[in-house]
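Since the structure comes first, as structure tokens, the remarks are kept for the end.
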Amino acid sequence: MKKTKEQIRFNMQRVKNKDSEIELMLRRELWKRNLRYRKNVKAVYGHPDIAFIGKKIAIFVDSEFWHGYNFEHRKEDFKTHQDFWIPKIERNIERDREVNAHLQSAGWTVLRFWGKEIKKDLDRCVEIIIETIQNSPSPDVRRER
Numbered sequence: 065m066k067k068t069k070e071q072i073r074f075n076m077q078r079v080k081n082k083d084s085e086i087e088l089m090l091r092r093e094l095w096k097r098n099l100r101y102r103k104n105v106k107a108v109y110g111h112p113d114i115a116f117i118g119k120k121i122a123i124f125v126d127s128e129f130w131h132g133y134n135f136e137h138r139k140e141d142f143k144t145h146q147d148f149w150i151p152k153i154e155r156n157i158e159r160d161r162e163v164n165a166h167l168q169s170a171g172w173t174v175l176r177f178w179g180k181e182i183k184k185d186l187d188r189c190v191e192i193i194i195e196t197i198q199n200s201p202s203p204d205v206r207r208e209r
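Everything in the sequence shown is counted per my numbering, starting at 65 for the first residue and increasing by one.
What follows is the structure in structure tokens.
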């Protein structure tokens, strides 16, 4: 069934850039496992959805639509406004790569999870985060004498 322009507009206005369902699922599970983090950190380049500042771990929760999951095949799904949507999604993909490179060059570990990964296997996503935290070097602790 084809949606009207009004229905599409209504749906698009409700898209969130933070506190999405998938982000909340992951955050709640981390909190339940006593992992404390910062959310939507503006002080860190790229504004990660979740960050472990002391460990320099940035986590991004990417929705398939906005971040271009399997985009080479999905381009054909855009039936209208292709001249707008295709460059927009391609720029999002490019920006994600730039953010990854910038953070990694600054010594951060970057983890990205697709929404469907979180929905399908939340425990595995959390295990990846825990392993990353455990394998991350501790920050330098300097004590004055």
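Beta carbons: idealized from backbone N, C-alpha and C, even for Gly. These figures come from a predicted structure and were not determined experimentally.
Setting aside the 5 residues that flank it on each side, TYR133 is surrounded in the same chain by TRP178, each with a C-beta closer than 7 angstroms to its C-beta; the list follows chain order.
Proximity of the segment 186-202 to the segment 147-154 falls short of the contact definition, fewer than three beta-carbon pairs being nearer than 8 angstroms. Under the three-state reduction of DSSP output, VAL163 falls in the helix class. DSSP places VAL125 in the strand class (E or B) of the three-state scheme.
Between GLU93 and LEU186, the C-beta gap is smaller than 9 angstroms, which places the two residues in contact.
If you draw a straight line from the Cα of TYR101 to the Cα of LEU88, it comes to about 13 angstroms.
Its Cα nearest to that of TRP130, the residue PHE148 stands out among ILE114, PHE148, ILE121. In this structure, ALA165 is the residue among ARG188, GLU181, ALA165 with its C-alpha nearest to the C-alpha of ALA122.
Beyond the five residues adjoining it in sequence on each side, ASP160 comes within less than 8 angstroms, by CB distance, of PHE124, ASP126, HIS131, ARG176 in the same chain, given in chain order. In this structure, VAL163 keeps its C-beta atom at 9 angstroms or more from the C-beta atom of GLY118.
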